[in-house]
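These notes concern the structure reproduced below.
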Ligand SMILES: NC(=O)c1ccc[n+]([C@@H]2O[C@H](COP(=O)([O-])OP(=O)(O)OC[C@H]3O[C@@H](n4cnc5c(N)ncnc54)[C@H](OP(=O)(O)O)[C@@H]3O)[C@@H](O)[C@H]2O)c1
């Protein structure tokens with residue numbers, strides 16, 4: 499891939515950092531973030547002093563709702579990736595539900611407006627969606643062609659997110675929605691799992707039969723790169739390894755990769771009670787997400803980390819031992 503200008507809206511979080519690490523320093527990376535006050539942003543860009551291992555990127559301020567000076571960054575960009583949205587790792591109260599939905603819809607709408615203002619708009623817009631758009635499935639895998647959607651909060655959010663994305667009129671910008679599975683890297687969702695392991699709680703969760711669809715963060719980045727260099731590809735793609743596992747297998751593989759011989763199982767009732775205590779939803783681990791990447795495989799893409807043991811051992815090798823072991 500030649501040197502490109504890549505804009506990552508909502509790129510200050512876990513996936514944004516993983517993408518930044520993959521695409522820099524060969525590419526010019528700009529992150530749109532709400533976290534810089536306008537006063538710090540008087541030259542319309544700002545070099546932050548990031549941790550030593552953080553990718554070199556420029557951070558530009560936006561509010562994820564209204565157009566502003568940040569729009570000029572989209573001119574001549576090769577790739578716009580939008581990850582912005584309030585975290586779903588919280589209780590689904592009415593206030594949180596509204597924020598989860600509205601933050602996503604507003605970010606997409608304002609990016610659509612910004613693209614319309616560009617003389618030379620981004621060639622490609624990849625928008626996050628989630629593999630949780632599909633129904634709870636313990637019977638068969640869900641792909642882009644035959645997958646089913648049953649009403650529910652997280653399914654509705656993803657459907658509205660994709661609907662507003664495709665509603666944006668961007669005649670000169672190719673569009674791809676990525677239904678990302680749980681993304682595994684040296685951060686993100688593995689951090690709470692490491693904490694469970696450290697305290698001997700890394701056993702099967704719920705029945706253990708619920709499927710765990712996952713993708714290594716490097717394959718997520720490689721998939722975006724693949725889509726970028728294949729201009730015929732557009733529309734919706736599942737972004738997950740071709741080999742989802744059950745929760746029981748996931749927890750066992752994770753214990754093996756981190757050298758834990760055992761872990762106490764957590765029945766569904768305990769996860770529900772624990773979720774209420776720590777302010778999250780048990781659905782995040784109890785929903786059976788059985789998703790496969792049919793479309794991208796048809797294009798000839800191959801996953802570097804198709805199997806969970808190799809993915810986890812690669813990630814664990816990047817993480818300090820104290821994160822997943824008490825001693
Ligand atoms: N991680 C996964 O396994 C996974 C799987 C499927 C889908 N996804 C989706 O992919 C996206 C990125 O995931 P992630 O794990 O990187 O999430 P993350 O770490 O929570 O980062 C999301 C970014 O969105 C921005 N943001 C937060 N609240 C916002 C709000 N109210 N309005 C506008 N922007 C807001 C934040 O950037 P600033 O604070 O800098 O503005 C934040 O860095 C999310 O939308 C997530 O739902 C993630």
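In this note's numbering, the protein residues as written are 499 to 825. Yeah, the Cβ is synthetic: ideal placement off N, Cα and C, and Gly gets one too.
Legend entry - Cβ shell of residue 651 (< 8 Å), same chain only, five flanking positions each side left out: So the qualifying residues of the chain are 590 and 595.
Legend entry - Cross-strand partners of residue 675 (DSSP beta bridge): 625 and 734
Inset, instruction - Assign residue 547 to one of two classes, buried (16 or more other C-beta atoms within 10 Å of its C-beta) or exposed (fewer than that). - result: The predicted position of residue 547 is uncertain, since its pLDDT is 40 and thus under 50; a value taken from the coordinates is nonetheless stated next. Residue 547 comes out exposed.
Legend entry - Where residue 507 falls: helix, strand or coil (DSSP): strand
Legend entry - Check whether residue 792 and residue 641 have beta carbons under 8 Å apart: yes
Inset, instruction - Name the two residues that bound the continuous beta strand (DSSP E) containing residue 580. - result: 577-580
Inset, instruction - Return yes when the Cβ of residue 682 is within less than 8 Å of the Cβ of residue 688, no when it is not. - result: yes
Inset, instruction - Go to residue 526, then tell me how far its alpha helix (DSSP H) extends in each direction, as first and last residue. - result: Residue 526 -> not in any alpha helix (DSSP H); beta strand (DSSP E) instead, spanning 526-531.
Inset, instruction - Would you please state the rounded distance, in angstroms, between the beta carbons of residue 599 and residue 658? I believe it to be under 8 Å. - result: 7 Å
Inset, instruction - Give the straight-line distance between the Cα atoms of residue 807 and residue 512, rounded to the nearest whole angstrom. - result: 21 Å
Legend entry - Nearest to residue 703 (by Cα), restricted to the options 567, 813 and 745: Taking only the C-alpha atoms, the option nearest residue 703 is 745.
Inset, instruction - For the alpha helix (DSSP H) holding residue 724, just list the boundary residues, first then last. - result: 715-726
Inset, instruction - State yes or no: is the C-beta of residue 580 within less than 8 Å of the C-beta of residue 626? - result: yes
Inset, instruction - Work out the CA separation of residue 612 and residue 528 for me, nearest whole Å. - result: 15 Å
Inset, instruction - Give me whichever residues DSSP pairs with residue 814 in a beta bridge. - result: Partner(s): none; residue 814 has no beta bridge.
Legend entry - Pair within 8 Å by beta-carbon distance, residue 632 and residue 647: yes
Legend entry - residue 741 versus residue 784 - alpha carbon distance: 19 Å
Inset, instruction - Let me know the secondary structure DSSP gives residue 518 once reduced to three states. - result: helix
Legend entry - For residue 755, three-class secondary structure by DSSP: helix
Inset, instruction - Please confirm whether any heavy atom of ligand 1 lies closer than 7 Å to the CB of residue 681. - result: yes
Inset, instruction - Kindly indicate the opening and closing residues of the beta strand (DSSP E) around residue 558. - result: Counting along the chain, the beta strand (DSSP E) containing residue 558 begins and ends at 556-559.
Inset, instruction - Excluding the 5 residues preceding and the 5 following residue 503 in the sequence, name in chain order all residues of the same chain whose CB lies nearer than 6 Å to its CB. - result: So the list reads 526, 575 and 576, once near-sequence residues are dropped.
Inset, instruction - With a 10 Å radius around its C-beta and 16 neighbouring C-beta atoms as the bar for buried, classify residue 736 as buried or exposed. - result: buried
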